[in-house]
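K.L.:
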Amino acid sequence: MLVASFFTGYAQAADKEVNVYSYRQPFLVEPLFDKFTEQTGIKVNVLFAKKGLAERLASEGEYSPADVILTVDISRLTNLVDKGLVQPIDIAEVDENIPAKYRDKENQWVGLTLRARGVYSSRDRVGRLPADFDYFDLADPQWKGRICTRSGKHPYNVSLVAAMIAEHGEAATKTWLEGLKANLARKPQGNDRAQVKAISEGLCDLSLGNSYYLGKMLNDESQKAWADAVYLNFPGQQAQGTHVNVSGVALAKYAPNKANAEQLIAFLTGDVAQHMYSEVNYEHPIKVGVQPSELVQSWGEFKIDSLPLPQIAAHYGDAIRLLDEVQFDL
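All residue numbers for the sequence shown refer to this note's numbering, where the first residue is 49 and numbers rise by one.
1. Who are the Cβ neighbours of S170 in its own chain at under 7 Å, not counting the five residues just before and after it?
2. Pick out the complete alpha helix (DSSP H) segments inside the stretch 168-240, 4 residues or longer, and give them in chain order.
3. Any contact between the stretch 287-299 and the stretch 218-228? By contact I mean 3 or more CB pairs, one from each, below 8 Å.
4. Is V77 helix, strand or coil when you go by DSSP?
5. Closer than 6 Å by C-beta to L50: which residues in its own chain qualify, once you throw out the five before and the five after it? Chain order, please.
6. With distances taken between CB atoms, is the gap from V167 to N281 smaller than 8 Å?
7. Determine whether the beta carbon atoms of N308 and I90 lie at a separation below 8 Å.
8. Taking all protein chains shown into account, do 16 or more other C-beta atoms lie within 10 angstroms of the C-beta of N67, making it buried, or fewer, making it exposed?
9. On the DSSP bridge list, what partners appear for V66?
10. Can we count L177 as close to the ligand HEM, meaning its CB is less than 7 Å from some heavy atom?
11. Determine the burial state of N267: buried for a count of at least 16 other Cβ atoms within 10 Å of its Cβ, exposed for fewer.
12. For T85, which beta-bridge partners are listed by DSSP?
13. When the Cβ atoms of the stretch 173-182 are set against those of the stretch 345-363, are three or more pairs found closer than 8 Å?
14. Less than 6 Å between C-beta atoms, sequence neighbours within five positions excluded: which residues of the same chain meet that for V338?
15. For a test of the three-state rule: what should DSSP assign to V134, helix, strand or coil?
16. Could you give the DSSP three-state label for N305: helix, strand or coil?
17. So what does DSSP say about E110, is it helix, strand or coil?
18. Is A219 close to chain D? Criterion is C-beta to C-beta, closer than 8 Å.
19. What are the start and end residues of the alpha helix (DSSP H) that includes S346?
20. How far does the alpha helix (DSSP H) with Y325 in it extend, from its first residue to its last?
21. Can you tell me whether F315 is buried or exposed, with buried defined as 16 or more other CB within 10 angstroms of its CB?
22. Hey, would you say M265 sits closer than 8 Å to V244, going by beta carbons?
23. Figure out for me which residue from V374, G365, E342, L262 has the closest Cα to the Cα of A164.
24. Report the residue from D152, A148, I313, P113 whose alpha carbon sits nearest the alpha carbon of N127.
25. Report all residues from its chain with a CB closer than 7 Å to the CB of F54; omit the five preceding and five following residues, and keep chain order.
26. Within its chain, find whatever has a CB closer than 6 Å to the CB of A52; leave out the 5 residues flanking it on each side and keep chain order.
27. Quick check: what's the CA-CA separation for G159 versus L312?
28. Among T197, T317, H332, Q359, whose alpha-carbon lies nearest the alpha-carbon of E141?
29. Compute the distance between the beta-carbons of W347 and S259, then report whether it is under 8 Å.
30. Let me know the secondary structure DSSP gives G257 once reduced to three states.
Below, the structure is given as structure tokens:
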């Protein structure tokens, strides 16, 4: 798998190649690309990065070699759209595989997997949360000093706040944020796994976290004890449903290997890749009819918030403003 050798000079089209810019980690996507190459004979060249892909695409302009962009969270996907760095994905197979609520309204990005924003609870001190537990309950005074979370400004939390605004309006969401902040056991910090670690150490009893992290921790000997100390709960089951975000894909605006890129995007929305995502990264497939891995299934079925993701993305600016107003991270 090439990492960066082709990412210099003028973007030349190649009959049997496709160039990918990826925020997704190598261990996750390389098996998918190997399978795609095996099936099609098309070589996948990948540039892996932790940040700066949008800026790189913008600076490269029409000379960019990028064909496909892989990333996570609708905020990053819509940022690519807002900066004019992508083009519509006009592939009938993709439209059939991915429901419209997980695609941009003009098909300028397409969701590939679902990532539920769950609530982890201490097995010993809390147990499983009630069936009617909702995100609003995180602001209940009974949890004062008992909740941990990463920064409110992290995209995963901004997305949740944006969904709350879309569902309940700004006033109710601001009140909720103020109550949630008052219940924090410590200043927001670390990542989702660090919050589960804090629960295992008795620093807090609840935490916000994406569902797939449970799978990652269970399969990491150094973190398995953290996972064994918590239950994963899906809020909103008797209300709007659990908030989900996506990992997604976009077609670069100046893709020099557009036909090959379209084949890759179609493959990523198909049965084989959808199941592989679940097996490797413990995410939920988006394509209807594709079963999650056995581990993911063991966490139980849950009602998903039906709000279309583009509608949530429209409130990202409002979410960040509210987080600033309540000084959530301070």
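Idealized CB from N, CA, C, for every residue including glycine.
Every value quoted in this text rests on a predicted model; they were computed, and no experiment measured them.
P.N.:
Judging by the given coordinates:
1. I247, D253, A277, V278
2. 203-216, 218-230
3. Flag = no, the stretch 287-299 and the stretch 218-228 do not touch.
4. In the structure shown, V77 falls within a helical segment according to DSSP collapsed to helix, strand and coil.
5. Below a pLDDT of 50, predicted positions are generally treated as unreliable, and L50, at 37, falls in that range; no measurement from the model is reported.
6. yes
7. yes
8. buried
9. V92
10. Judged by which ligands are present, the structure shown has none, so any question about the ligand HEM falls away.
11. exposed
12. Answer is none; T85 lacks a bridge partner.
13. no
14. D319, Q322, H323
15. strand
16. In the displayed model, N305 falls within coil according to three-state DSSP, outside both helix and strand.
17. helix
18. Absent from the structure is chain D; it holds one protein chain and no more.
19. 342-346
20. 319-329
21. With 16 or more Cβ atoms within 10 Å of its Cβ, F315 is classed as buried.
22. yes
23. L262
24. The shortest C-alpha separation from N127 is found at D152.
25. Its pLDDT being 45, under 50, F54 is placed unreliably in this model, and the coordinates cannot settle the point.
26. For A52, the pLDDT reaches just 45, beneath the cut-off of 50, and the residue's location in the model is therefore unreliable, although a value from the coordinates is still provided. Excluding positions up to five away in sequence, the list reads L95.
27. Across the structure, G159 and L312 are spaced so that their CA atoms are roughly 14 Å apart.
28. T317
29. yes
30. strand
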